Amino acid sequence: MNCLFCEISQSRQDAKIIYEDEHCLAIQPGHTLVIPKEHVTDIHQLETST
Ligand SMILES: [Zn+2]
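All residue numbers for the sequence shown refer to the working numbering, where the first residue is 437 and numbers rise by one.
Below is the structure:
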């Protein structure tokens, strides 16, 4: 899979990570972008955690 965001979440691509937990990352610079660690094509495919 060639996905920049997956590469960032797997530390294979440099990014300034300003927040991280078991589910998501927040990256900069410029605008802050929050991304899920799980690769999905639609946010509604993410499991809701309890
Ligand atoms: Zn991905």
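A virtual CB, placed ideally from N, CA and C, is assigned to each residue, including glycine. Keep in mind it's a predicted model, so treat the numbers as computed, not measured.
Distance check between ALA451 and each of LYS473, ASP478, GLU443 places GLU443 closest, using alpha-carbon atoms only. For the options HIS475, GLY466, LEU482, HIS480, the alpha carbon positioned closest to that of GLN446 is the one of HIS475. In this structure, DSSP gives GLN481 a helical state, which the three-state scheme calls helix. Going down the chain, each residue whose beta-carbon is closer than 5 Å to a heavy atom of ligand 1 shows up: CYS439, PHE441, CYS442, HIS475. With 16 or more other CB atoms across the displayed protein chains lying within 10 angstroms of its CB, ILE463 is buried.
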